[in-house]
Amino acid sequence: MPRRVSQTGADSGLRLRVNVEQYEYMRGPNSAGGVKILLHRQHEIPSVRDLGDAIPAGAHAFVGVRLYQTKNLPEPHGDCVSHTPLQYFRHYSLAACKLECLTRFMVARCRCRAAHMPETTPGSPPVCDIKAYTHCYVPTLDEFRLHSDACACPVPCAEIHYESGITYASASGRNIDSPSGGNVTNALRAKYVKARETEQRVKPDIVDEDTKVINTLNHQLLELVRTLQTTTEIVGRIETHISRLTVQLRSRLKFHSKRGLLKLKYAVDHDFVRGFEVMNERTFSHVTDNFYQLTSLFRDMLTAYNTSVNGTDTDGVRLVGLREAWYVGTLRDLWKIRHLASRALANFTQVHAAFCNGTNIVNFRKSPKRRYDSTYIWLEYLTESREQKYYGRLHRYTSRFVTNVDTLLQFNEDLYRHGVLPDPATCDNVMSDFEQWSRSYNYYRFLYEDRVVFGAQKNVQAVVDRFDRLNEAFSSKVNDIKLMTESLRSQARVLNDTSLDTVRSAVTMAMQYLRDTGVRKLDIAAIVTSPAFREDLQKFVNFFRDLRGQGQRLLVEWHRFSAKYLAVWTNMLDEKALTDFYVMIHDDVNQLQHNDTARPHLAAILATMSGVRADVIANLTLEELNVLLNADFAVVDRPSLYDRLRLSLADVIDRNNLVTLLGEKADVFASTMDTFAADLERYQASVVIDGSFYKENFAQMNIYMRELTYQEMEQQEAYDLTALFSDIGGSMGLFVGGSIITIIELFDVVVHTLLKRSLAD
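Residue numbering for the sequence shown follows the working numbering, beginning at 1272 and increasing consecutively.
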């Protein structure tokens, strides 16, 4: 139903708010943003492109309209047409005529038409496809424009057109959600988002950048996942290598400790130290027992005797009794001391020979059938550069002690038999010498025991302690590396269960976005920019950073482990005290391998040494026996072995270097993800419908009548025959006093004259 206006002014006309949808714009021939309007009759073909008025987005246009009506004359006074001569249009207009002319021209050339061109029946003529449009329509259109005057398009006999006057005001975006400005519906939001999503998929620069970033993210994530898998494999390889090294070495360490060093210590402790302790308990410690008591007794007896001789009591019977008491009281103690000191000298000589020559003081069994007992004696641990000095002094002071005891015995004998004593000064000197030699004996006996006997024990104990420390340090490093590898494996499992899934899901969704139009970029943005995702991403990146740090620590610990591993090997192989022992083990293993006669006997001995059954020992390979019994220690090329071990350990860490494997991959991935997230944040901000969106996409118009009247312009015929004669008559009457009759009379004269001449001829 047509709408009519009853008064003029902006408030009484048509009010429009138009969404120009700039977000739907694509690159084309027109770069302006807004709408064009053209007022025309309903049945006319509008020439908006050529004649329309432009209204920019963000403007409020006030369009005041005046109506004009034009009437043209048909032939012979003009060339207008009052009925349509057109094939495609019911109503004739100049624009319709030109469009039909173009359509006919295009159909004749291309056998098709543009979509905006008319058709006689639905689908005929057909619309040009892309190929026909590109190769025929466009060139033909250019040709038509050069010859457009060939179209015979007269003006219509009656036309109505509108003249518009436009003024503009800037539209405000503040009222976009207000009742006066209209509600922004969810449909508009959805349409805007869809348009922006389409733009993201069709703009080459955006598509190229998104494709590049997303593919880079996917590649980097896959590389990190592979790195994580490789890390797990590396951890497994390191654990396997550690286990292999540990199993082989622990067998060697156990044998070296149990059947080597501890037996060496056992030999020193029991065959030498215990032998000395037995002699010490029986003789050495008793030689100077109560020596101060003995000298005190001697001095008391001498005083009593001298008093009796020089004093009041001169009874011969009393003197004889005193000498007898003295003699009997001291003789037994002196001979006891004399006997112990003599035995001590002999025992010291035996001990000295034992520590100098390696001759057992006592002989405890240290190996099956005492086969390896002699190999556990190592003179370098028994003898010291000070041993001869301590033994010499001890022997000298013991001999002097014996001599002094002999002097006391002689004093006792002379007094008892002959009643003769040396002077008091001589007696006192002898007593003092006895005390001095007793003290010297005790002192050097202590030094010999501490520096020589227990010194040998300390030497062997130091060797055992050094080996134990190295073994403990090696075991500690093995445990440290195992703890680190277990920690790495545990963290990898936790990562797979949490943050990795989150990051992988986001990247997978981004990859689907490149292939599937059903995935929206806005949905990806909602995930990637969410706090939960950022938290998981940070955990993900921090894991790889921590992993790299642990890889660095693992590298350091591996170098320390290698040093401890080599130190244990070096300690075992360089232990000279067990050289003879391992030579004999090596010889017995060779006999076991090649001598059928000796095999049962040797298998039984080696079974006891190793803790493995004899039947198993007899069937082991040489390599297995070497590991079990360290049988190759006697013949191994130490420098070559050390080089092989170093190369093997270095090769393990070179091929399983987590620091090199991880590099900066996680940081690079985080940087790429930050770039992607920043782009998504900008995209999210760009799809918000706010005042800026309103000003960029909406135009407001008030279209109204300036006047309720219209102007009519009608084309009139210039002269008819009556008017012509009237004008001629009037002019003749005005200028010469004649009339139309005068003209007739003149005409009659001319005709009469001509007829007269003709008849005369």
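Glycine is no exception: its CB is placed at the ideal position from the N, C-alpha and C atoms.
Determine the DSSP secondary structure at residue i, reduced to helix, strand or coil.
i, result
"Phe1360", "coil"
"Asn1713", "helix"
"Gln1278", "coil"
"Phe1986", "For the record, residue 1986 in the displayed sequence is Gln; it is not Phe. Of the three classes helix, strand and coil, the one that applies to Gln1986 here is coil, per DSSP."
"Asn1561", "coil"
"Glu1978", "strand"
"Phe1619", "helix"
"Asn1631", "coil"
"Lys1551", "The sequence given here places Asn at residue 1551; Lys does not occur at that position. Of the three classes helix, strand and coil, the one that applies to Asn1551 here is helix, per DSSP."
"Ser1395", "strand"
"Asn1973", "strand"
"Val1289", "strand"
"Arg1382", "coil"
"Ala1796", "helix"
"Pro1802", "helix"
"Cys1407", "helix"
"Tyr1537", "helix"
"Met1572", "helix"
"Asn1254", "A query on residue 1254 cannot be resolved here, the shown segment of the chain reaching from 1272 to 2032 and no further."
"Lys1637", "coil"
"Thr1517", "helix"
"Met1388", "coil"
For residue i, does the count of other Cβ atoms within 10 angstroms reach 16, so buried, or fall short, so exposed?
i, result
"Asn1343", "buried"
"Glu1988", "exposed"
"Asp1571", "exposed"
"Lys1402", "exposed"
"Ile2015", "exposed"
"His1512", "buried"
"Ser1233", "No information on residue 1233 is available, as it lies outside the stretch 1272 to 2032 that the chain covers here."
"Ala2067", "Residue 2067 lies beyond the stretch modelled for the chain, which goes from 1272 to 2032, so this question has no answer here."
"Trp1726", "Note that residue 1726 is Gly in the sequence shown here, rather than Trp. It is buried - the Cβ of Gly1726 has at least 16 other Cβ atoms within 10 Å."
"Met1843", "buried"
"Met1984", "exposed"
"Glu1952", "exposed"
"Gln1491", "buried"
"Ser1283", "exposed"
"Thr1697", "exposed"
"Arg1288", "exposed"
"Gly1546", "buried"
"Asn1634", "exposed"
"Lys1847", "exposed"
"Met1297", "exposed"
"Gly2004", "exposed"
"Asn1750", "exposed"
Could you tell me how far apart the beta carbons of residue i and residue j are, in whole angstroms, since I believe they sit closer than 8 angstroms?
i, j, result
"Trp1829", "Ile1752", "7 angstroms"
"Asp1330", "Ser1441", "The displayed chain sequence assigns Ala, not Asp, to residue 1330. Between Ser1441 and Ala1330 the Cβ distance is about 7 angstroms, and since that is below 8 angstroms, they are a contact."
"Val1478", "Arg1472", "7 angstroms"
"Thr1374", "Arg1384", "6 angstroms"
"Arg1930", "Gln1823", "Before going further, note that residue 1930 is Val rather than Arg in the sequence given. Their Cβ separation, rounded to whole angstroms, is 5 angstroms, which keeps Val1930 and Gln1823 in contact under 8 angstroms."
"Cys1381", "Thr1405", "Going by Cβ atoms, the distance from Cys1381 to Thr1405 rounds to 11 angstroms, so no, they are not a contact pair."
"Lys1536", "Gln1732", "7 angstroms"
"Asn1973", "Glu1292", "That belief does not hold up - the Cβ atoms of Asn1973 and Glu1292 are roughly 21 angstroms apart, past 8 angstroms."
What runs of the alpha helix (DSSP H), each 4 residues or longer, lie entirely inside the segment 1909-1964? 1909-1926, 1929-1933 and 1936-1957
What runs of the alpha helix (DSSP H), each 4 residues or longer, lie entirely inside the segment 1298-1361? 1319-1322
As an exercise, report each continuous alpha helix (DSSP H) stretch of at least 4 residues that is fully enclosed by the segment 1427-1510, in chain order. 1457-1473
Whole alpha helix (DSSP H) elements within the segment 1657-1736, 4-residue minimum: 1658-1689 and 1695-1718
So, does the segment 1865-1883 touch the segment 1665-1677, judging by three or more C-beta pairs under 8 angstroms? By the Cβ rule, the segment 1865-1883 does not count as touching the segment 1665-1677, because fewer than three pairs are nearer than 8 angstroms.
Please give the ranges of any alpha helix (DSSP H) in the segment 1819-1895, keeping only runs that are unbroken, at least 4 residues long and fully inside the region. 1850-1865, 1870-1881 and 1885-1890
Stretch-stretch touch, CB-based, cutoff 8 angstroms, three pairs: the segment 1420-1436 with the segment 1341-1357: yes
At least three beta-carbon pairs within less than 8 angstroms, the segment 1615-1629 to the segment 1679-1694: no
Answer yes if the segment 1599-1618 comes into contact with the segment 1668-1675, meaning at least three C-beta pairs across the two stretches below 8 angstroms, and no otherwise. Look at the beta carbons and you see the segment 1668-1675 touching the segment 1599-1618: at least three pairs across the two are nearer than 8 angstroms.
Should the segment 1735-1742 be regarded as contacting the segment 1695-1706, the criterion being three or more beta carbon pairs within less than 8 angstroms? no
The segment 1811-1825 / the segment 1922-1937 touching (three or more Cβ pairs under 8 angstroms): yes
I want to know whether the segment 1764-1783 touches the segment 1894-1903 - three or more CB-CB distances under 8 angstroms. no
Does the count of Cβ pairs from the segment 1916-1924 and the segment 1836-1851 closer than 8 angstroms reach three? yes
Taking 8 angstroms as the cut-off, does the segment 1593-1612 touch the segment 1521-1531 (at least 3 CB pairs, one atom from each stretch)? no
Would you check if the segment 1873-1889 and the segment 1551-1564 touch, i.e. whether three or more CB-CB distances between them fall below 8 angstroms? no
Threshold first: 4 residues or longer. Then list the alpha helix (DSSP H) segments lying entirely within the segment 1997-2032, N to C. Qualifying alpha helix (DSSP H) stretches, in chain order: 2011-2031.
Entirely enclosed alpha helix (DSSP H) segments - the segment 1753-1796, minimum 4 residues: Qualifying alpha helix (DSSP H) stretches, in chain order: 1770-1786.
Does the segment 1920-1928 come close enough to the segment 1793-1800 to have 3 or more Cβ pairs within less than 8 angstroms? Fewer than three pairs of CB atoms, one per stretch, sit closer than 8 angstroms, so the segment 1920-1928 makes no contact with the segment 1793-1800.
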